[in-house]
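Working notes, beginning with the structure itself.
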Amino acid sequence: MDPELTELAERAQNEQNRPNGHIAKMTARKVDVFYGDKQALFAVDLDVSDRSVTSLIGPSGCGKSTFLRCLNRMNDVIDICRVDGTIKLQEDNIYEKTIDPVQLRARVGMVFQKPNPFPKSIFENVAYGPKIHGMATSKSELEDVVENSLIKAGLFNEVKDRLYEPGTGLSGGQQQRLCIARAIAVSPEVILMDEPCSALDPIATAKIEELIDELKENFCIVIVTHSMQQAARVSQKTAFFHLGKLVEEGETNQIFTNPVDQRTQDYITGRFG
Amino acid sequence: MAPIKESILTMHIVKSYEEELAGLDTQIAQMGGQVERLVADAIYALENRAPELAETTVHSDASIDILERQIEEQVVGMIARRQPMAMDLRQIMTVFRVSSDLERIGDLGKNIAKRAYAVAGENHPQGLVRGLRHMGDLALEQLKNVLDAYSQRDAEKAVQVWQRDEDIDAMYNSLFREFLTYMMEDPRNISLCTHMLFGAKNIERIGDHATNIAESVYFFVHGKELPNERPKSDFTSSAVFKKDE
Numbered sequence: 031m032d033p034e035l036t037e038l039a040e041r042a043q044n045e046q047n048r049p050n051g052h053i054a055k056m057t058a059r060k061v062d063v064f065y066g067d068k069q070a071l072f073a074v075d076l077d078v079s080d081r082s083v084t085s086l087i088g089p090s091g092c093g094k095s096t097f098l099r100c101l102n103r104m105n106d107v108i109d110i111c112r113v114d115g116t117i118k119l120q121e122d123n124i125y126e127k128t129i130d131p132v133q134l135r136a137r138v139g140m141v142f143q144k145p146n147p148f149p150k151s152i153f154e155n156v157a158y159g160p161k162i163h164g165m166a167t168s169k170s171e172l173e174d175v176v177e178n179s180l181i182k183a184g185l186f187n188e189v190k191d192r193l194y195e196p197g198t199g200l201s202g203g204q205q206q207r208l209c210i211a212r213a214i215a216v217s218p219e220v221i222l223m224d225e226p227c228s229a230l231d232p233i234a235t236a237k238i239e240e241l242i243d244e245l246k247e248n249f250c251i252v253i254v255t256h257s258m259q260q261a262a263r264v265s266q267k268t269a270f271f272h273l274g275k276l277v278e279e280g281e282t283n284q285i286f287t288n289p290v291d292q293r294t295q296d297y298i299t300g301r302f303g
Numbered sequence: 006m007a008p009i010k011e012s013i014l015t016m017h018i019v020k021s022y023e024e025e026l027a028g029l030d031t032q033i034a035q036m037g038g039q040v041e042r043l044v045a046d047a048i049y050a051l052e053n054r055a056p057e058l059a060e061t062t063v064h065s066d067a068s069i070d071i072l073e074r075q076i077e078e079q080v081v082g083m084i085a086r087r088q089p090m091a092m093d094l095r096q097i098m099t100v101f102r103v104s105s106d107l108e109r110i111g112d113l114g115k116n117i118a119k120r121a122y123a124v125a126g127e128n129h130p131q132g133l134v135r136g137l138r139h140m141g142d143l144a145l146e147q148l149k150n151v152l153d154a155y156s157q158r159d160a161e162k163a164v165q166v167w168q169r170d171e172d173i174d175a176m177y178n179s180l181f182r183e184f185l186t187y188m189m190e191d192p193r194n195i196s197l198c199t200h201m202l203f204g205a206k207n208i209e210r211i212g213d214h215a216t217n218i219a220e221s222v223y224f225f226v227h228g229k230e231l232p233n234e235r236p237k238s239d240f241t242s243s244a245v246f247k248k249d250e
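As you go down the protein sequences, you meet chains A and B in turn. Just so you know, we're using this note's numbering here: the first sequence kicks off at 31 and counts up by one. Just so you know, we're using this note's numbering here: the second sequence kicks off at 6 and counts up by one.
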């Protein structure tokens, strides 16, 4: 069967299982995070919807990035960091011993603040993930994966004639889209983005935002951003963190026009002391 | 959860933003004051057959239009420069809506003044004129209260204005009837009564704009629209009177 048709059939099947299209992809319950003695997150409960964008906002040091990094166990690499509570990806508790963090990060990919392509060719940057996860059996299959990922990341047309030149030779915005292509090459279910546009100019930012909008048709996206306007533009749900606590979460429209909590209002209107 | 206080909020980090928002309030107060005076003068001129006052009143509408344009420019500029959010966004949108309602009220007042000028030479039946003035007083009171509701961020007061518009409608209905009767009695009254009737209609419309402002103030304070359709009792648009009625 034509792979596109298979995908369509699968999607129709999925749609039936999730009538409103907004089921929780990841659920966090009573998540506490400690760096040594210092507690960084306090009992955070948050659901992240599938096929939509959830943005995490809040002042520096509020715990939003810490929370994001919990979602694919990036905090594991910090020795003094301890995570309590449960975080589930669908039905799997991701902090269970049986879960391999490397496999988890293939399902929950990440894009960072500063574009960080490998010092390799554009092709190799994207091919790396599928290769180590054994997702392509032949060279032509790998080429297809790379091409498709670059197309989905909106970068293919700009780089198709120089796939074997170093990824680090691209502009900042292109590098960031390369990193997104690299993240989606392993067909993750969730993409985490930690301030993906803060090092980019407005045009490159707009391209990433347009890309996020397209990617949400197929992925669950969680984005940390310092730009409230960006959160308002790209996300359907917004969660506001303050001093390690989740203060308020809701529909993005509601949060930015009529927040319930005083602290949310003070922050988004620029009144924080 | 820390619920939003109704009292004055903490200040913006950026002082000039704070000043611009306060500036909008000042402009609305200024525009509101001018509109109140214009409407009061227009009704006075109509009641007391004062053509000179009517004429200056007609001209005073121009400065209200200028104020509206200034507020509009300021609002558009602030949206572009500040990207307002939450309470600030609602305030800015409210100012935008209120200034446009005030401008319309100014136009209606100007129209009353024009009619006052036109009928100044005619004999005014006292009963009808008094009815018109009562209606005008009520509309002015509504206008004053709703402007206070805005400046005090008092949604309760706005709701009171919103509900009271019914009284103006009721007065308009009875005036409508009286004017028609009067016209049927003597065709020579038709010219005067038609002007008076339009004057009354203008006052009734002023009341409607006051309720629009009340709705805007409610949205400003609570972040949602007023829940129900306003009680309506202006039935004149479907009223027909037969000669022997």
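Just so it is clear, CB atoms sit at the ideal spot from N, CA and C, and this is done for glycine as well.
Report all residues from its chain with a CB closer than 7 Å to the CB of His-256(A); omit the five preceding and five following residues, and keep chain order. Glu-225 and Ser-228
Give me the chain A residues within the contact set of Leu-94(B), using Cβ-Cβ distance strictly less than 8 Å, ordered along the chain. Phe-286 and Thr-287
Can you determine whether any heavy atom of the ligand SAH sits closer than 8 Å to the C-beta of Leu-152(B), and answer yes or no? Because no ligand of any kind appears in the structure shown, any question about the ligand SAH cannot be addressed here.
Is there at least one Cβ from chain A nearer than 9 Å to Thr-99(B)'s Cβ? So no, Thr-99(B) is outside the interface.
Just the Cα atoms here: how many angstroms apart are Gln-143(A) and Phe-270(A)? 19 Å
Below 7 Å CB to CB, which residues in the same chain sit around Lys-119(B) once its five sequence neighbours on both sides are set aside? Excluding sequence neighbours, Lys-119(B) sits near Val-63.
For Pro-49(A), count the other beta carbons within 10 Å of its own beta carbon; 16 or more makes it buried, fewer makes it exposed. Which is it? Confidence at Pro-49(A) is low in this model, with a pLDDT of 40, below 50, so the placement of that residue should be treated as unreliable; the coordinate-derived value is given next. Exposed, since its Cβ has fewer than 16 Cβ neighbours within 10 Å.
Using beta-carbon positions only, say whether Pro-149(A) and Leu-208(A) come within less than 9 Å of one another. no
Cβ of Val-74(A) less than 9 Å from any chain B Cβ? no
What do you get for Gly-38(B), buried or exposed, if any count of 16 or more other CB atoms within 10 angstroms of its CB means buried? That one is exposed.
Pull out every residue of the segment 64-76 of chain B whose Cβ sits closer than 8 Å to any Cβ of chain A, in chain order. None of the residues of the segment 64-76 of chain B has a beta carbon lying less than 8 Å from any beta carbon of chain A.
Proximal residues of chain B, C-beta to C-beta of Arg-301(A) below 8 Å: Leu-14, Thr-15, Met-16, His-17 and Ile-18
Residues of the segment 185-215 of chain B with a CB closer than 7 Å to any CB of chain A: list them in chain order, please. Residues: none.
Buried or exposed: Met-311(A), going by 16 or more other Cβ atoms within 10 Å of its Cβ? This structure cannot speak to residue 311(A), because chain A is shown only from 31 to 303.
Inter-residue Cα distance where the pair is Asn-105(A) and Thr-96(A): If you take the alpha carbons of Asn-105(A) and Thr-96(A), they lie about 8 Å apart.
In angstroms, rounded to a whole number, what distance separates the CA positions of Leu-137(B) and Met-201(B)? 8 Å
What ranges does the alpha helix (DSSP H) occupy inside the segment 147-200 of chain B, keeping only unbroken runs of at least 4 residues that lie completely in it? With a minimum length of 4 residues, the continuous alpha helix (DSSP H) runs that stay inside the segment 147-200 of chain B are 160-190.
Cutoff 6 Å; reference Asp-296(A); Cβ partners in own chain excluding five residues on either side: Phe-302
Residue environment, Asp-46(B), which counts as buried when at least 16 other CB atoms sit within 10 Å: buried
If contact means a Cβ-Cβ distance below 7 Å, which residues of the segment 203-219 of chain A contact chain B? Against chain B - using a Cβ distance shorter than 7 Å - the segment 203-219 of chain A contributes no residues.
Kindly identify the DSSP beta-bridge partner or partners of Thr-268(A). Ser-85(A) and Gly-280(A)
Using a threshold of 9 Å, state whether the C-beta atoms of Ile-253(A) and Ser-90(A) are closer than that. no
Are the CB atoms of Ile-18(B) and Pro-289(A) within a distance shorter than 9 Å? Not a contact, by the Cβ cut-off of 9 Å.
Please list the residues of the segment 220-241 of chain B that have a C-beta atom closer than 9 Å to any C-beta atom in chain A, keeping them in chain order. His-227, Gly-228 and Lys-229
Name, going along the chain, the residues of the segment 163-196 of chain A whose beta-carbon falls closer than 8 Å to a beta-carbon of chain B. none
Could you confirm whether any beta carbon from chain B is found closer than 9 Å to the beta carbon of Ile-298(A)? yes
Any chance the segment 164-182 of chain B sits against the segment 94-106 of chain B, with 3 or more Cβ pairs inside 8 Å? no
Under a CB-based cut-off of 9 Å, is Asp-291(A) close to chain B? yes
So, for Ala-160(B): in the same chain, excluding its five sequence neighbours on each side, which residues have a beta-carbon less than 7 Å away from its beta-carbon? Val-222, Tyr-223, Val-226 and His-227
Cβ neighbour criterion (16 or more within 10 Å) applied to Arg-103(A): buried
Given a threshold of 16 other Cβ atoms within 10 Å of its Cβ, counted over all protein chains shown, does Thr-167(A) qualify as buried or as exposed? Looking at its Cβ environment, which holds fewer than 16 other Cβ atoms inside 10 Å, Thr-167(A) is exposed.
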